[in-house]
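Structure first, commentary second.
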Amino acid sequence: MLGDFYLWIKALHIMAVISWMAWLFYLPRLFVYHVERSDSAQMNSVFQTMEEKLLRVIMNPAMIVAWVTGLMMVSIPGVISWDSIWPWSKFIGLIGMTWFHMWCARRRRIFTEGGNILTGRDYRMMNEVPTVMMVLSVLSVVVKF
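Under numbering that gives the first Met the number 0, think of the first position of the sequence shown as 0, with each following residue one higher.
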């Protein structure tokens with residue numbers, strides 16, 4: 000039955016991944032600004048509110064939809080050739096993005112507890128992680144190596 004809806008599932012998956020990735024790029028940038036420009040309790044509160052809403056209202060639902068639609072697609076017979084390398088490299092990219100998502104959630108929690116010790120430079124460097132995972136995932140699916 001899922002095969003009849005494959006293109007709809009795929010379209011929803013692509014939209015969810017785009018949304019998820021956009022916010023995976025943006026949240027660490029907010030952390031940079033939070034560290035470097037949060038010189039008052041009021042600004043700290045504003046950044047914490049922005050980070051929490053971003054994570055809870057946009058990032059988490061986008062990640063869940065991306066995972067669910069992805070699992071729906073791989074459960075359709077004939078969509079994936081498990082003998083190939085690309086599904087496994089795509090899976091590694093997905094695990095990396097999910098790990099990074101959880102890392103961001105943990106960093107947000109640390110900010111709320113007042114225990115952040117990372118610098119703006121640290122967050123800038125970590126902001127490259129989703130780019131590497133995206134490149135791996137896209138090349139895996141498009142080139143199918």
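Note that the Cβ used here is the ideal one computed from N, Cα and C, for glycine as well.
No experiment lies behind these values; they were computed from the predicted model shown.
Alpha-carbon to alpha-carbon, residue j and residue i
i	j	result
Val56	Trp66	16 Å
Met71	Ala40	45 Å
Gly113	Ile75	46 Å
Val142	Arg36	42 Å
Pro86	Trp102	24 Å
Lys9	Gly69	8 Å
Val34	Leu1	46 Å
Arg107	Val45	13 Å
Pro129	Asp3	32 Å
Asn115	Ala15	30 Å
Trp7	Arg120	41 Å
For residue i, the nearest candidate out of the options (CA to CA)
i	options	result
Ser136	Glu127, Leu117, Arg123 and Lys89	Lys89
Thr97	Trp85, Val131 and Leu1	Val131
Ile17	Pro60, Arg106 and Arg107	Pro60
Ser139	Glu35, Ser83 and Lys9	Ser83
Tyr122	His12, Leu1, Ile8 and Val31	Val31
Phe144	Trp81, Ile116 and Arg106	Trp81
Ala104	Arg120, Glu51 and Asn115	Glu51
Residues near residue i in its chain [Cβ-Cβ closer than 8 Å; skip 5 each side]
i	result
Leu53	Trp22, Tyr25, Leu26 and Leu29
Asn126	Phe24, Pro27, Arg28 and Val31
Ile94	none
Tyr5	Met72, Ile75 and Val78
Sequence-distant residues of the same chain with beta carbon closer than 7 Å to residue i, five excluded per side
i	result
Val73	Ile79
Met100	Looking at the sequence shown, residue 100 is not Met but His. Once the five neighbours on either side are set aside, the close Cβ partners of His100 are Leu23, Met58 and Met62.
Asn43	Ser37
Met49	Leu29
Presumed contact (8 Å Cβ cut-off) between residue i and residue j, rounded CB distance
i	j	result
Met133	Met20	6 Å
Thr118	Gln47	Thr118 to Gln47, Cβ: 18 Å. No contact.
Same chain, Cβ closer than 6 Å to residue i, neighbours up to 5 away in sequence not counted
i	result
Gly92	Met132, Leu135 and Ser136
*alpha helix (DSSP H) runs wholly inside the region 44 to 82, at least 4 long, in chain order*: 59 to 73
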